[in-house]
Amino acid sequence: MGGTDDEENLWLACRLCNAFKGIQTHGQDPVTNRKIKLFNPRQQKWSRHFSWSEDGAYIVGITACGRATVVALQLNNAYAVTVRQAWVFAGWHPPQEE
Ligand SMILES: [Zn+2]
Numbered sequence: 010m011g012g013t014d015d016e017e018n019l020w021l022a023c024r025l026c027n028a029f030k031g032i033q034t035h036g037q038d039p040v041t042n043r044k045i046k047l048f049n050p051r052q053q054k055w056s057r058h059f060s061w062s063e064d065g066a067y068i069v070g071i072t073a074c075g076r077a078t079v080v081a082l083q084l085n086n087a088y089a090v091t092v093r094q095a096w097v098f099a100g101w102h103p104p105q106e107e
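First residue of the sequence shown: 10, per the working numbering; consecutive thereafter.
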């Protein structure tokens, strides 16, 4: 999107997440239907916008930004949920702290 490739403008993501994000910078909050800027991990705190479902398998958006990001980046896609369920079973997930 014309940004730099300086380290402060980058964020490590797996191939699947990177493909889901693509060039998107905004998403639609499914509650208000408003167009919202997506979560920026370089500038925002994860726990302010997201939480884990009780079973640890799903990311729950708790703000408009969080909800729009969950939808836009497909954070609860079948692969991610399946992997998280295995991590929960192994006792590795969800993380206790950010
Ligand atoms: Zn990923």
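Don't be surprised by glycine CBs; every beta carbon is placed ideally from N, CA and C. All values derive from a computational prediction rather than experimental measurement.
| Item | Value |
| --- | --- |
| For residue 21, verify whether its CB is less than 7 Å away from any heavy atom of ligand 1. | no |
| Out of 56, 96, 23 and 73, point me to the one whose CA is closest to residue 43's CA. | 73 |
| In terms of alpha-carbon separation, which member of 57, 95, 35 and 11 lies closest to residue 64? | 95 |
| According to DSSP, is residue 58 helix, strand or coil? | helix |
| Could you tell me whether the segment 48-67 touches the segment 24-32, where touching means 3 or more Cβ pairs closer than 8 Å? | no |
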